[in-house]
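For the sequence shown, my numbering begins at 31 and goes up steadily by one.
Below: one structure, written as structure tokens.
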Amino acid sequence: MKEGERIQKNIGRIFRKYNIIEYKEPGEKQTTSLNKLIIKVKEGERIQKNIGRIFRKYNIIEYKEPGETLTINDFYKGYGDGCFYLSNIDLESDIQPKELTITFISNSYPDKMIRHLKNFRKLEVELMEPGIYYVTGDVIIFQIIVINELDSQENKALYAYGEY
């Protein structure tokens with residue numbers, strides 16, 4: 031089993047009671063090693079798990095393979111995926127940006143990406159708790175999860191594979 035498949039399986043375990051949608055655009059070519067998962071949360075339901083507290087109705091999770099760091103290009107790929115998902119006419123109804131979150135997961139702190147978000151995009155990056163950073167100031171809400179900084183007891187499933 032590839033490392034990306036393991037993290038997808040472990041994320042699936044964490045959020046198993048929610049509707050998990052594996053998502054890939056038709057004909058999408060893999061330009062980065064980001065892997066993608068979408069979790070849909072029922073109306074009015076809130077997730078208590080620390081890595082899911084930010085979640086709204088539609089939640090895209092983009093994650094890197096172990097040993098790889100998030101890059102500025104990964105941010106724009108994930109952002110583009112979010113915009114594409116918002117505009118997907120195959121869905122039942124329009125999705126509002128406030129109903130969407132994007133989570134980026136990496137094992138190490140993405141210093142260059144975060145500097146770019148703060149200095150170029152003028153977004154706020156706030157450490158909410160060890161390993162969980164909220165990114166605000168855009169119409170889409172983001173979080174960055176740094177596995178090596180998370181509480182290993184509370185987040186065992188994310189530590190249960192690879193180099194994490």
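Glycine residues also receive a C-beta, built at the ideal position from the N, C-alpha and C atoms.
Does the Cβ of residue i have 16 or more other Cβ atoms within 10 Å, making it buried, or fewer, making it exposed?
i	result
tyrosine 88	buried
aspartate 124	exposed
leucine 67	buried
arginine 94	Per the sequence shown, residue 94 should be read as lysine rather than arginine. Flag for lysine 94 reads buried.
lysine 59	Residue confidence for lysine 59 is low, a pLDDT of 49 falling below 50, so the modelled location carries little weight and cannot support an answer.
tyrosine 106	exposed
glycine 112	buried
glycine 82	buried
Please name the residue in the options whose C-alpha comes closest to that of residue i.
i	options	result
leucine 180	Lys148, Ile170, Val155, Ser138	Ser138
serine 182	Gly74, Ile170, Pro160, Val165	Pro160
lysine 128	Lys79, Ile177, Asn80, Thr166	Thr166
serine 136	Asp104, Lys70, Tyr109	Asp104
arginine 76	Arg86, Ile68, Ile69	Arg86
methionine 158	Leu147, Ile174, Lys148	Ile174
valine 169	Ile90, Ile177, Leu130	Leu130
isoleucine 90	Glu156, Leu153, Val71	Val71
isoleucine 132	Gly110, Gly74, Glu73, Ile177	Gly110
If I'm right that residue i touches residue j with Cβ under 8 Å, what's the distance once you round it to whole angstroms?
i	j	result
phenylalanine 150	glutamate 92	With a Cβ gap of about 20 Å, phenylalanine 150 and glutamate 92 do not count as contacting.
isoleucine 69	isoleucine 171	The pair is not a contact, with the Cβ atoms about 14 Å apart (cut-off 8 Å).
asparagine 65	isoleucine 162	Rounded, the Cβ-Cβ distance is 19 Å, inconsistent with contact.
Would you kindly report the start and end of the unbroken alpha helix (DSSP H) that includes residue i?
i	result
serine 117	102-117
Determine the extent of the beta strand (DSSP E) in which residue i is found, giving its start and end residues.
i	result
asparagine 65	65-70
leucine 135	According to the sequence as given, residue 135 is isoleucine; it is not leucine. Start and end: 130-136.
leucine 147	Unbroken run through leucine 147 is the alpha helix (DSSP H), 141-149; no beta strand (DSSP E).
phenylalanine 85	It is not in any beta strand (DSSP E) - phenylalanine 85 carries neither H nor E in the DSSP assignment.
threonine 99	Note, threonine 99: premise wrong, no beta strand (DSSP E); not H, not E.
leucine 157	154-159
valine 176	171-176
isoleucine 77	No beta strand (DSSP E) holds isoleucine 77; DSSP gives it neither H nor E.
isoleucine 162	162-166
Under the criterion of a Cβ to heavy atom distance below 8 Å, does residue i qualify as lining the ligand PLP?
i	result
isoleucine 144	Inclusion of the ligand PLP in the displayed structure is not the case, the ligand content being empty and no account of it being possible.
Contact between the segment 80-100 and the segment 128-145 (3+ Cβ pairs under 8 Å): yes
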